[in-house]
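Undergrad: In this text, residue positions in the sequence shown follow full-length UniProt numbering: the first is 1, and each later residue adds one. Let me begin by handing over the structure; questions about it come next.
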Amino acid sequence: MTKKEVSTDLLITTILEGIEEVKGQHIDLLDLREIENMVCDYFIICDGTSNTQVTAIANSIQKTVSKKLKDKPWHVEGLQNAEWVLMDYVNVVVHVFQKHTREYYDIESLWGDAKVTSIESNY
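The following block contains the structure:
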């Protein structure tokens with residue numbers, strides 16, 4: 001039995017819904033498809049104000065994607081300390097940071113060739 005493929009656009013939209021549900025902030029979508037040797041097509045980066053909110057954002061993403069798309073991340077790292085949670089959905093990798101950790105690592109600048117789209121938030 002093969003797993004049903006979820007469209008990347010629908011996955012991105014659903015992940016963004018999960019972030020918005022718990023007021024994730026400063027959401028950026030990095031399109032990595034034009035960069036050679038990338039292991040995924042997109043990064044979604046956002047931040048929360050505390051380890052509690054970072055955990056809540058990650059949980060909301062998982063719950064929303066599971067409920068709407070019947071999909072789950074291939075791998076999740078960082079929930080223990082919730083400074084930086086990485087969620088790997090194969091074509092889309094989500095980075096949920098605490099604000100100070102995001103500023104320190106500044107991964108957006110590491111992928112300077114990526115097309116960056118800032119997502120407007122209601123918060």
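Idealized CB from N, CA, C, for every residue including glycine. A quick note: this is a predicted structure, and the numbers were derived from the prediction, not measured.
Tell me whether S7 sits in a helix, a strand or coil according to DSSP, three-state version.
TA: Here residue 7 refers to the residue found at position 7 of the sequence shown. Reduced to three states, the DSSP call for S7 is coil.
Undergrad: With contact counted as at least three CB pairs below 8 Å, one residue from each stretch, are the stretch 57-76 and the stretch 101-115 in contact?
TA: no
Undergrad: Can you tell me which of the three DSSP states I119 falls into?
TA: Within the sequence shown, residue 119 is the residue found at index 119, counting from 1. Of the three classes helix, strand and coil, the one that applies to I119 here is strand, per DSSP.
Undergrad: Report the three-state DSSP secondary structure of I27 (helix, strand or coil).
TA: In the sequence shown, counting from the first residue as 1, residue 27 sits at position 27. If DSSP states are grouped into helix, strand and coil, I27 belongs with the strands.
Undergrad: Find the nearest neighbour of E17 within the set N51, I35, V39 and A58, judged by alpha-carbon distance.
TA: Walking along the sequence shown from the start, residue 17 turns up at place 17. The shortest C-alpha separation from E17 is found at A58.
Undergrad: Where K67 and E83 are concerned, what is the direct C-alpha to C-alpha distance, given to the nearest angstrom?
TA: For this step, residue 67 is matched to residue 67 along the sequence shown. For this step, residue 83 is matched to residue 83 along the sequence shown. Their Cα atoms are separated by approximately 26 Å.
Undergrad: What runs of the beta strand (DSSP E), each 3 residues or longer, lie entirely inside the stretch 67-103?
TA: 75-77, 84-88 and 92-98
Undergrad: Evaluate H100 with the Cβ neighbour count: other Cβ atoms within 10 Å of its Cβ, from every protein chain shown; 16 or more gives buried, anything less gives exposed.
TA: For the purposes of this step, residue 100 is identified with residue 100 of the sequence shown, where counting begins at 1. It is exposed - the Cβ of H100 has fewer than 16 other Cβ atoms within 10 Å.
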